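Heads up: the structure comes next, in structure tokens.
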Amino acid sequence: MQKVTAIAKRYTKNHDIEAVILPVFSDEKDDSMFQDYDALLNKQLSQTLDENKFLREDTTFTLFYTNKKTKAKLIAVVGLGKKEELSLEKLRQLGGKSFSYFAEKNISSVALPLISIKKLKDTDESTTEKVARALTEGFMLAAYDYDQFKTKKEKEDKEKKKQKIAAMQLLVFNEADFQKSQQAIAAVATIVNNVNLVRDLINGPPSIVTPEYMAQTAKKEIANKPYTKITIFDKKLLEKNKMNCILGVSQGSVNEPKLIIAEYTPPKYTKTIVIVGKGVTYDSGGINLKPTGYLETMKDDMSGAAIVLATVKTAAELKLPVKLVALAPCVENMPSGSALKPGDVLVGASGKSIEIGNTDAEGRLILSDALHYAATYKPDYIIDLATLTGACIVALGNLCCAIMSNNDTLKQAITKAGKETNEKVWELPLIEEYKDDIKSDIADIKNIGAGKGEAGTITAGLFLSEFVGDYKWMHIDIAGPVWTTKGSAYTQKGATGYGVRLMTQFLIELSAK
Ligand code: BES
Ligand code: ZN
Ligand code: MG
Numbered sequence: 021m022q023k024v025t026a027i028a029k030r031y032t033k034n035h036d037i038e039a040v041i042l043p044v045f046s047d048e049k050d051d052s053m054f055q056d057y058d059a060l061l062n063k064q065l066s067q068t069l070d071e072n073k074f075l076r077e078d079t080t081f082t083l084f085y086t087n088k089k090t091k092a093k094l095i096a097v098v099g100l101g102k103k104e105e106l107s108l109e110k111l112r113q114l115g116g117k118s119f120s121y122f123a124e125k126n127i128s129s130v131a132l133p134l135i136s137i138k139k140l141k142d143t144d145e146s147t148t149e150k151v152a153r154a155l156t157e158g159f160m161l162a163a164y165d166y167d168q169f170k171t172k173k174e175k176e177d178k179e180k181k182k183q184k185i186a187a188m189q190l191l192v193f194n195e196a197d198f199q200k201s202q203q204a205i206a207a208v209a210t211i212v213n214n215v216n217l218v219r220d221l222i223n224g225p226p227s228i229v230t231p232e233y234m235a236q237t238a239k240k241e242i243a244n245k246p247y248t249k250i251t252i253f254d255k256k257l258l259e260k261n262k263m264n265c266i267l268g269v270s271q272g273s274v275n276e277p278k279l280i281i282a283e284y285t286p287p288k289y290t291k292t293i294v295i296v297g298k299g300v301t302y303d304s305g306g307i308n309l310k311p312t313g314y315l316e317t318m319k320d321d322m323s324g325a326a327i328v329l330a331t332v333k334t335a336a337e338l339k340l341p342v343k344l345v346a347l348a349p350c351v352e353n354m355p356s357g358s359a360l361k362p363g364d365v366l367v368g369a370s371g372k373s374i375e376i377g378n379t380d381a382e383g384r385l386i387l388s389d390a391l392h393y394a395a396t397y398k399p400d401y402i403i404d405l406a407t408l409t410g411a412c413i414v415a416l417g418n419l420c421c422a423i424m425s426n427n428d429t430l431k432q433a434i435t436k437a438g439k440e441t442n443e444k445v446w447e448l449p450l451i452e453e454y455k456d457d458i459k460s461d462i463a464d465i466k467n468i469g470a471g472k473g474e475a476g477t478i479t480a481g482l483f484l485s486e487f488v489g490d491y492k493w494m495h496i497d498i499a500g501p502v503w504t505t506k507g508s509a510y511t512q513k514g515a516t517g518y519g520v521r522l523m524t525q526f527l528i529e530l531s532a533k
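Just so we're aligned, residue 21 is where the sequence shown starts under the working numbering, counting upward by one.
Structure follows, in structure tokens:
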């Protein structure tokens, strides 16, 4: 994968850089930077735009070759449409497209102006920091590539005419913006790095990314940060803590389970948050084996674990004033002679007995032990993230997760963070009456709901709610958005890295209060 950097830079006329991007709007006159370049190019830019008004709405780049009239070889005009319609997401996409477009053009440095804007559509606070962050975030996120297993990298890059964009400059026009942009960019570099850690863990082959590998990664990536502590519950410690659900799900696998605990305790904090992430490093379904067509992406079933660990790392690196604990139960769900069977009963750390109706509903089992353990920290909030149900993808597709919660403040905060990061969330109701569907004839509760899978995402959420006591809690079903078969302006095919930005934004806002 290619290394990219971004820096804030004071704008100078006839800026010294290979390519300059000039955003234009359809409802506002062009800024002074545009006018500078228009003058250097003998009005070529304004004439083209006057003759082709649609270019102000055209989100692809219109390229101008400058033939030594400016220091930049290329000027790319991009239409952003109406300024009043502008959003953080559009800026993020512009950043992403700026990377991909110039990566194919033998260009190693590009400049993007810090767009000055009073009101963005998807945030209440249209600040310099947020604009700077969105532009840079898109650019840096787009540079990810999972090529660890490509043996002919260089040749392929040449074939794809991919060249190295190494640097992006965010051009600023006054000193105050310079400082703010510098800070925003530093935060983005940290966040994107950790999004990419999640992407690597999810994209990694499941026989490499085992529970043990997850534990080693947590140690390597987090343990050396200030105020952090990593604890690993291995099989023995899981037994000691009666975490029989984690043990039960993993008993069919040759790879031992691990509960990874990553704590970040800064010197000053007012709130304690526990984030719990499902870490099924491979979900074959177990004895209820999944068929072909469903097995191929099940290496992504540890996304929740990857996200919570990367979020702790991010919080530590950004020095956020919140106490944050990640609990990541990591197991492999495999069929074998020793595997859990439908009809079995497990009694985990909570003491509740659980009848196994289907070994493929394993996520809620391992989460039950971890959610119960979360109370140890007497947290203000518990949030779990899990690729829990296929039903969630049926309901909301691949661009949105489902949130379920017993607390309105938490719902509002996560919804706001979802809007600002464009990591979309949508609430599903925890309908009490559906609890009937998870009643068991022989145990306290069972791990599947109604016969035809009615409201499967909600009954999974209701199951989890049985293990959080009275704590303020939210369940986030991320089955859809963690993986993509398409790619977009700033995500590639495969793991999207969804979740880290959502959680980080939530924590930043929370710690600002
Ligand atoms: N990991 C799956 C959920 C999933 C399915 C995520 C497809 C992404 C894509 C989970 O462990 C699972 O298998 N859930 C079952 C639950 C059912 C047996 C009650 C499901 O959704 O089919
Ligand atoms: Zn699963
Ligand atoms: Mg399963």
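Don't be surprised by glycine CBs; every beta carbon is placed ideally from N, CA and C. In this text the structure is predicted, and so the values were computed from the model without any measurement.
Element boundaries [beta strand (DSSP E), containing residue i]
i           : result
residue 424 : 420-425
residue 249 : 248-253
residue 129 : 129-133
residue 353 : 343-353
residue 188 : 187-192
residue 566 : Residue 566 lies beyond the range of the chain shown here (21 to 533); nothing can be said about it.
residue 25  : 25-30
residue 1   : Given a span of 21 to 533 for the chain in the structure shown, any question on residue 1 remains unanswerable.
residue 374 : 373-375
residue 404 : 401-406
residue 284 : 278-284
residue 444 : 444-447
residue 59  : Careful: residue 59 lies outside any beta strand (DSSP E), inside the alpha helix (DSSP H) at 52-60.
residue 6   : Residue 6 lies beyond the range of the chain shown here (21 to 533); nothing can be said about it.
Near the ligand MG: residue i beta-carbon under 7 Å from a heavy atom
i           : result
residue 297 : no
residue 305 : yes
Contact test: residue i Cβ vs the ligand ZN heavy atom, cutoff 7 Å
i           : result
residue 218 : no
residue 353 : yes
residue 300 : yes
Buried/exposed call for residue i, threshold 16 Cβ in 10 Å
i           : result
residue 133 : buried
residue 225 : exposed
residue 396 : exposed
residue 323 : buried
residue 313 : exposed
residue 43  : buried
residue 467 : buried
residue 446 : exposed
residue 231 : buried
residue 85  : exposed
residue 541 : Shown here, the chain extends from 21 to 533; a query on residue 541 therefore has no answer.
residue 459 : exposed
residue 200 : buried
Element boundaries [alpha helix (DSSP H), containing residue i]
i           : result
residue 203 : 195-223
residue 231 : 231-242
residue 76  : Segment: none, residue 76 is in no alpha helix (DSSP H) and carries neither H nor E.
residue 495 : Careful: residue 495 lies outside any alpha helix (DSSP H), inside the beta strand (DSSP E) at 493-497.
residue 340 : Where residue 340 is concerned, there is no enclosing alpha helix (DSSP H), given that its DSSP letter is neither H nor E.
residue 416 : 410-416
residue 386 : 383-394
residue 151 : 148-162
residue 520 : 520-532
residue 269 : 264-270
residue 478 : 476-485
residue 434 : 428-441
residue 111 : 108-123
- Query: Among all residues, which have a Cβ less than 5 Å from at least one non-hydrogen atom of the ligand BES, and in what chain order do they fall?
  - Reply: 303, 321, 378, 380, 381, 383, 407, 409, 410, 468 and 499
- Query: Three or more beta-carbon pairs under 8 Å between the segment 452-465 and the segment 511-522, yes or no?
  - Reply: no
- Message: Could you check whether the segment 104-119 touches the segment 426-443, counting it as contact only if at least three pairs of C-beta atoms, one from each stretch, sit closer than 8 Å?
- Response: yes
- Message: Taking 8 Å as the cut-off, does the segment 270-289 touch the segment 362-374 (at least 3 CB pairs, one atom from each stretch)?
- Response: no
- Message: Could you check whether the segment 388-408 touches the segment 290-301, counting it as contact only if at least three pairs of C-beta atoms, one from each stretch, sit closer than 8 Å?
- Response: yes
- Message: I'd like to know if the segment 246-253 and the segment 217-224 are in contact, where contact means that at least 3 CB-CB pairs between them fall below 8 Å.
- Response: no
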